[in-house]
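Okay, so here's the structure we're looking at.
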Amino acid sequence: MDARPRPTLAVWKFASCDGCQLSLLDCEDELLAVAGALDIASFAEASSTLRPGPYDLSLVEGSITTAHDAERIRAVRAASKRLITIGACATAGGIQALRNFADVNDYIAAVYATPAYISTLATSTPISAHVKVDFELHGCPINKTQLLEVISALLAGRKPDIPNESVCVACKRRGTPCVMVAHGTPCLGPVTQAGCGAICPAYGRGCYGCFGPAEAANTAALAAAWTALGADRRSIHRAFRTFNAAAEPFRKESDAHGDENHPG
Amino acid sequence: MATKTIRVDTLTRVEGEGALELDIADGAVAGVRLSIFEPPRFFEALLRGRAGAEAPDITARICGICPVAYQMSALHAIEDAWGVTVDGPLRALRRLLYCGEWIESHALHIVLLHAPDFLGFPDAISMAAAHGEAVQRGLALKKAGNEVLRLLGGREIHPVNVRVGGFYRVPTRAELAPLAATLETAHAQAIALARWVARFPFPEFARDYEFVALRHPDEYPLNAGRIVSNRGLDIAVADYEAAFAERHVAHSTALQSGLRARGSYLVGPLARFNLNHDRLGPSVQALAAELGLAPGCTNPFRSIVVRAIEVVYACEEALRLIAAYTPPPAPAVPVVPRAGVGTACTEAPRGILFHRYRLDAEGSILEARIVPPTSQNQSTIEDDLRIIATRDLQLPEDELRDHCEQGIRNYDPCISCSTHFLRLEVRRR
Numbered sequence: 001m002d003a004r005p006r007p008t009l010a011v012w013k014f015a016s017c018d019g020c021q022l023s024l025l026d027c028e029d030e031l032l033a034v035a036g037a038l039d040i041a042s043f044a045e046a047s048s049t050l051r052p053g054p055y056d057l058s059l060v061e062g063s064i065t066t067a068h069d070a071e072r073i074r075a076v077r078a079a080s081k082r083l084i085t086i087g088a089c090a091t092a093g094g095i096q097a098l099r100n101f102a103d104v105n106d107y108i109a110a111v112y113a114t115p116a117y118i119s120t121l122a123t124s125t126p127i128s129a130h131v132k133v134d135f136e137l138h139g140c141p142i143n144k145t146q147l148l149e150v151i152s153a154l155l156a157g158r159k160p161d162i163p164n165e166s167v168c169v170a171c172k173r174r175g176t177p178c179v180m181v182a183h184g185t186p187c188l189g190p191v192t193q194a195g196c197g198a199i200c201p202a203y204g205r206g207c208y209g210c211f212g213p214a215e216a217a218n219t220a221a222l223a224a225a226w227t228a229l230g231a232d233r234r235s236i237h238r239a240f241r242t243f244n245a246a247a248e249p250f251r252k253e254s255d256a257h258g259d260e261n262h263p264g
Numbered sequence: 265m266a267t268k269t270i271r272v273d274t275l276t277r278v279e280g281e282g283a284l285e286l287d288i289a290d291g292a293v294a295g296v297r298l299s300i301f302e303p304p305r306f307f308e309a310l311l312r313g314r315a316g317a318e319a320p321d322i323t324a325r326i327c328g329i330c331p332v333a334y335q336m337s338a339l340h341a342i343e344d345a346w347g348v349t350v351d352g353p354l355r356a357l358r359r360l361l362y363c364g365e366w367i368e369s370h371a372l373h374i375v376l377l378h379a380p381d382f383l384g385f386p387d388a389i390s391m392a393a394a395h396g397e398a399v400q401r402g403l404a405l406k407k408a409g410n411e412v413l414r415l416l417g418g419r420e421i422h423p424v425n426v427r428v429g430g431f432y433r434v435p436t437r438a439e440l441a442p443l444a445a446t447l448e449t450a451h452a453q454a455i456a457l458a459r460w461v462a463r464f465p466f467p468e469f470a471r472d473y474e475f476v477a478l479r480h481p482d483e484y485p486l487n488a489g490r491i492v493s494n495r496g497l498d499i500a501v502a503d504y505e506a507a508f509a510e511r512h513v514a515h516s517t518a519l520q521s522g523l524r525a526r527g528s529y530l531v532g533p534l535a536r537f538n539l540n541h542d543r544l545g546p547s548v549q550a551l552a553a554e555l556g557l558a559p560g561c562t563n564p565f566r567s568i569v570v571r572a573i574e575v576v577y578a579c580e581e582a583l584r585l586i587a588a589y590t591p592p593p594a595p596a597v598p599v600v601p602r603a604g605v606g607t608a609c610t611e612a613p614r615g616i617l618f619h620r621y622r623l624d625a626e627g628s629i630l631e632a633r634i635v636p637p638t639s640q641n642q643s644t645i646e647d648d649l650r651i652i653a654t655r656d657l658q659l660p661e662d663e664l665r666d667h668c669e670q671g672i673r674n675y676d677p678c679i680s681c682s683t684h685f686l687r688l689e690v691r692r693r
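For the protein sequence lines, the chains are A and B, in the order given.
Residues 1 to 264 (my numbering) are what the first sequence spells out, left to right.
Residues 265 to 693 (my numbering) are what the second sequence spells out, left to right.
Shown next, in the form of structure tokens:
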């Protein structure tokens with residue numbers, strides 16, 4: 001039996017829904033094998049044993065929205081040999097980055113009766129805005145098969161095999177008829193990073209961009225195609241301003257269709 | 265005055281991040297604070313200006329553990345505002361989807377998060393060495409629940425297939441057939457799970473709770489019903505805000521929901537079981553009786569058994585729904601947005617989840633209000649902890665801390681529901 005110590009894994013949470021780290025527990029068939037290959041040193045959602053670093057691999061879920069978390073991510077980075085961000089919150093700021101386009105004090109007042117008790121930053125930012133990130137895994141939520149691939153690759157010292165293609169390519173491979181062509185349904189597939197398995201078009205729905213912008217996405221051309229299908233400015237604006245609203249290509253395209261009086 | 269503070273800096277095996285503080289003064293528990301350092305994400309603010317039709321997918325992102333609960337409460341509230349009725353097979357498919365989430369979420373909590381407390385392990389992975397079969401069975405059940413979500417929703421977390429008016433795509437009977445086979449196996453596993461957890465050692469504990477749950481004329485409640493309690497509360501969902509209020513108090517740091525008339529209350533499996541035992545059906549009732557569980561159970565540590573009973577029920581109900589399914593003529597009914605207010609309350613795995621939306625004539629959201637189950641249970645959890653801490657004060661600090669954490673996990677708290685949780689403000693003494 002291999003006597004080398006197993007690599008240590010830590011899982012961290014910032015502003016998020018827990019869904020991406022749940023993806024690890026959703027690997028029902030692989031969970032015990034993963035736990036055998038890795039030494040899970042710190043994973044608060046799953047274990048009461050929380051051991052101090054350093055860690056060989058840290059998975060980071062969530063965005064930075066408080067001054068305290070901006071400090072905490074630096075400590076996580078310092079304790080981690082390799083750091084992977086998982087999900088739209090960690091890689092792009094998540095849905096909570098809609099505050100970046102609004103007045104955070106208005107947001108606080110809308111939810112809480114005593115705004116003075118709330119301590120928050122005006123923006124929700126990705127982990128890469130604060131520390132060096134070794135690999136970014138996209139998705140809201142991430143795909144668990146891709147997560148296993150990234151973990152395996154990093155442990156084997158190779159580059160993760162995560163294709164950089166758009167959802168369109170995945171749809172073609174799956175044999176799903178194009179929803180824009182077949183029934184005129186607006187779809188973000190042409191500008192969205194693949195990885196989800198092109199689920200939405202397979203269910204007769206347009207892609208809503210939860211994996212964020214694909215490389216070299218021509219968002220302006222897609223917006224024009226949406227307009228041709230009858231989508232108004234506001235719905236184009238909203239489509240680009242969801243779970244990856246702060247990712248640059250989506251931010252720019254939503255701004256191009258923005259209306260100061262209609263922030264949504 | 266001799267005072268000390270016991271702190272659990274990171275609550276583990278809960279969804280989301282929180283901490284617990286106990287103040288001990290002169291040998292007595294002077295204060296209990298369950299604090300949440302989950303940063304606020306401002307969902308109710310960011311929903312303003314969004315299309316009503318977007319609410320299900322946006323609010324799903326409040327919680328990756330129970331996204332279907334958020335989708336369901338949002339859908340029903342928007343449909344309420346727009347005068348849309350979703351019935352027949354479409355309604356049944358929503359119930360089936362919700363059964364999948366109950367199975368997945370309950371199996372996760374029972375086996376991976378809560379059982380290690382009763383058996384003295386830090387986590388399910390180390391528990392697997394001594395209880396391998398039980399852990400494997402729990403994972404298989406969790407996977408069965410996830411298969412329901414994947415088939416009906418496209419994926420397990422943040423499913424993509426529900427929309428206001430129905431679904432984007434509905435399955436054929438043939439597509440549901442393999443799911444029935446999976447659920448038959450899951451049903452047997454769920455019964456074995458219930459028998460396993462029923463043998464755990466349960467601390468003596470009882471409190472005179474006010475239990476609050478939905479109550480439907482003939483179903484165990486998931487998507488619909490009136491809001492009732494064991495102390496005579498019986499209201500329509502639309503009257504939720506007249507009966508319940510959220511308090512924002514400086515020292516407790518959280519919006520805590522309470523009954524305007526009587527204060528704290530309990531939501532979740534124990535409340536549902538106690539108020540809807542007669543809706544479980546004869547076989548599930550017989551299993552509950554075999555396991556010594558009768559309506560009127562007031563020991564929250566036994567909630568793990570109730571959760572397992574609910575997994576058995578959800579498997580049975582899912583099988584019934586699949587057997588009775590005939591595809592609807594269309595995947596959704598027509599929807600016309602209009603101005604109005606809509607409310608809904610559904611039973612998330614951890615208790616009732618209330619949504620209200622006010623919409624303009626184009627169907628855009630003007631105002632949103634969301635009350636997650638954990639904010640409703642929070643003051644009840646603190647009350648429980650005061651009793652547990654007082655009883656166990658003489659124990660070594662590690663044990664006291666473990667017992668308190670177990671007491672919190674009784675509620676399967678979903679702290680990520682950070683719509684309403686705040687950071688801890690330390691109370692100066």
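The C-beta atom is built at its ideal place from N, Cα and C for all residues, glycine as well.
As the structure is a prediction and not an experimental result, all values here were calculated from the model.
| Check | Outcome |
| --- | --- |
| Can you say whether residue 472 (chain B) is buried or exposed, counting buried as having 16 or more other CB atoms within 10 angstroms of its CB? | exposed |
| Rank A:117, A:137, A:92 and A:202 by C-alpha distance to the C-alpha of residue 251 (chain A) and give the top, closest one. | A:92 |
| Write down the C-beta distance between residue 436 (chain B) and residue 677 (chain B) rounded to the nearest angstrom, noting that I regard them as a contact closer than 8 Å. | No, residue 436 (chain B) and residue 677 (chain B) are not in contact; Cβ-Cβ is about 39 Å, not under 8 Å. |
| Quick check on residue 52 (chain A) - is its C-beta less than 8 Å from some C-beta in chain B? | no |
| Between residue 321 (chain B) and chain A, is there a C-beta pair that is closer than 8 Å? | yes |
| Can you list the residues of chain E that residue 193 (chain A) reaches, using a CB-CB cut of under 7 Å? | The chain inventory of the structure shown lacks chain E, comprising the protein chains A and B. |
| Using only the alpha-carbon positions, how far apart do residue 332 (chain B) and residue 4 (chain A) sit? | 43 Å |
| What are the residues that DSSP puts in a beta bridge with residue 55 (chain A)? | A:80 |
| Just reading off the beta strand (DSSP E) that residue 621 (chain B) is part of, what are its end residues? | 615–623 |
| Since I believe residue 368 (chain B) is in contact with residue 425 (chain B) (beta carbons under 8 Å), could you give me their beta-carbon distance rounded to a whole number of angstroms? | Contact flag wrong, Cβ pair sits at about 16 Å. |
| Within its chain, find whatever has a CB closer than 6 Å to the CB of residue 288 (chain B); leave out the 5 residues flanking it on each side and keep chain order. | 268 |
| Tell me residue 12 (chain A)'s beta-bridge partners as DSSP assigns them. | A:60 |
| Quick one: which unbroken beta strand (DSSP E) runs of 3-plus residues sit fully inside the segment 545–584 of chain B? Chain order, please. | none |
| DSSP on residue 387 (chain B), reduced to helix/strand/coil? | strand |
| Can you tell which of A:241, A:113 and A:17 has the C-alpha that lies nearest to the C-alpha of residue 98 (chain A)? | A:241 |
| Could you tell me which residues DSSP puts in a beta bridge with residue 426 (chain B)? | B:431 |
| From residue 525 (chain B) to residue 507 (chain B), what does the alpha carbon distance come to, in whole angstroms? | 7 Å |
| Let me make sure I understand the geometry here. Which of B:500, B:479, B:413 and B:429 has the alpha-carbon closest to that of residue 423 (chain B)? | B:413 |
| Please classify residue 254 (chain A): is it buried, with 16 or more other beta-carbons within 10 angstroms of its beta-carbon, or exposed? | buried |
| Quick one: what's got a C-beta closer than 8 Å to residue 556 (chain B)'s C-beta in the same chain, skipping five residues either side? | 462 |
| Between residue 707 (chain B) and the rest of its own chain, which residues show a CB-CB distance below 8 Å, the 5 nearest in sequence each way excluded? | Shown here, chain B extends from 265 to 693; a query on residue 707 (chain B) therefore has no answer. |
| Answer with yes or no whether the minimum CB distance from residue 398 (chain B) to chain A is below 8 Å. | no |
| Are residue 296 (chain B) and residue 429 (chain B) touching if we call contact CB-CB under 8 Å? | no |
| Take the Cβ of residue 383 (chain B) as the centre, count every other Cβ of all protein chains shown within 10 Å, and call the residue buried at 16 or more, exposed below. | exposed |
| Please name the residue, chosen from B:318, B:351 and B:286, that lies closest to residue 246 (chain B) on a Cα-to-Cα basis. | Residue 246 (chain B) is absent from the model: chain B starts at 265 and stops at 693. |
| Relative to chain B, which residues along the segment 11–31 of chain A have a C-beta separation below 9 Å, given in chain order? | 13, 14, 15, 16, 17, 18, 19, 20, 21, 22, 23, 25, 26, 28, 29 and 31 |
| Contact check, residue 211 (chain A) vs residue 138 (chain A) under 8 Å by CB: the rounded distance? | 5 Å |
| When the Cα of residue 325 (chain B) is compared with those of B:305, B:527, B:418 and B:666, which residue comes out closest? | B:305 |
| Against residue 141 (chain A), what residues of chain B qualify as contacts under a CB-to-CB distance less than 7 Å, listed in chain order? | 328, 421 and 422 |
| Can you tell me the Cβ-Cβ gap for residue 209 (chain A) and residue 239 (chain A), rounded? I've got them flagged as a contact below 8 Å. | 7 Å |
| Just reading off the beta strand (DSSP E) that residue 36 (chain A) is part of, what are its end residues? | Taken as a continuous stretch (DSSP letters only), residue 36 (chain A) belongs to no beta strand (DSSP E), being part of the alpha helix (DSSP H) at 31–37. |
| Just to make sure I have the definition right: I need the residues of chain B whose C-beta is within less than 7 Å of the C-beta of residue 98 (chain A). Which are they? | 310 |
| So, with DSSP's three-state summary, where would you put residue 663 (chain B)? | helix |
| Would you give the residue range spanned by the beta strand (DSSP E) that residue 474 (chain B) belongs to? | Note, residue 474 (chain B): premise wrong, no beta strand (DSSP E); not H, not E. |
| So which residues on chain B does residue 203 (chain A) lean against when the C-beta distance must stay under 7 Å? | 418, 424, 425, 432 and 433 |
| Ordered along the chain, which non-local residues of its own chain (more than five positions away) have a Cβ less than 7 Å from that of residue 27 (chain A)? | 34, 144 and 148 |
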